[in-house]
Structure formats: structure tokens, C-alpha cells
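Numbered by our numbering, the letters in the sequence shown go through residues 8 to 91 in order.
One structure is given below, encoded as C-alpha cells.
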Amino acid sequence: MPWSPGFLEPKVKEFMYIAIDAATTHLYEPGLRIHIQNALKLGATKEEIMEVFQLTSVLGMHTCTVGVPILIEESNNLEKQGNS
8 MPWSPGFLEP KVKEFMYIAI DAATTHLYEP GLRIHIQNAL KLGATKEEIM
58 EVFQLTSVLG MHTCTVGVPI LIEESNNLEK QGNS
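As C-alpha cells, this is what we get:
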């Protein structure tokens, strides 16, 4: 039951979802965007998410070429919402 409460913190689960959606064998951009948004809202830093990309990139560079632009866009969106 991936969505049920468990022992892992929600932010850690979001990191795992990001890794799965960013993996070159999956590359699911809509899910990647949602989980980056969720992780940022749960207090994740850009650096933490970049580390997830670095760990996942051993499967292939597409992890970074797809994930990093989404991370930049979503962190900018969150900053704009905070300034509104």
C-alpha cells in the first residue's frame, strides 16, 4: 500500500516516487512533476532532490535532462506562491 501511512516520513516517500518516475525505464513526467511539488511542499530542498536525481542517473542521463528542468520550474512556482 504505497499511499498508506507507514514508517517512512512523507518526504522520504516522495524522494522514492521521484526516483521511480525519473528512472530511464519509466520516465513519467506528470508523476515526476507531482512528486517534486509534493516534496518541495513537505520541506525538501532543491539540493536533496538533485541528490535523488544523481543517485537515479546511474540508470541513464535522461533522469537529469528531464528532472532538473521540472525541479527548477516547480521550485520557482513554489517561491512565487510564497511571495503572493
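We treat Cβ as the ideally placed atom computed from N, Cα and C, and that holds for glycine.
Please read these numbers as outputs of a predicted model, since none were measured by experiment.
Between the CA atoms of residue j and residue i - distance to the nearest angstrom
i, j, result
"Lys20", "Leu62", "15 Å"
"Cys71", "Thr52", "16 Å"
"Thr31", "Arg40", "15 Å"
"Gly13", "Phe22", "15 Å"
"Glu55", "Leu66", "18 Å"
"Phe60", "Ala26", "7 Å"
"Asn90", "Tyr24", "28 Å"
"Glu86", "Leu15", "27 Å"
Sequence-distant residues of the same chain with beta carbon closer than 7 Å to residue i, five excluded per side
i, result
"Ser148", "A query on residue 148 cannot be resolved here, the shown segment of the chain reaching from 8 to 91 and no further."
"Leu49", "Pro17, Lys18, Glu21"
"His69", "Thr31, Leu34"
Neighbourhood of residue i by C-beta, 8 Å cutoff - its chain only, sequence neighbours within 5 removed
i, result
"Trp10", "none"
"Val73", "Ala29, Leu34, Glu36, Leu39"
"Val142", "Here the chain comprises residues numbered 8 to 91, so residue 142 is not present and cannot be evaluated."
Residue burial classification, residue i (beta-carbon count within 10 angstroms, cutoff 16)
i, result
"Ile43", "buried"
"Ile77", "buried"
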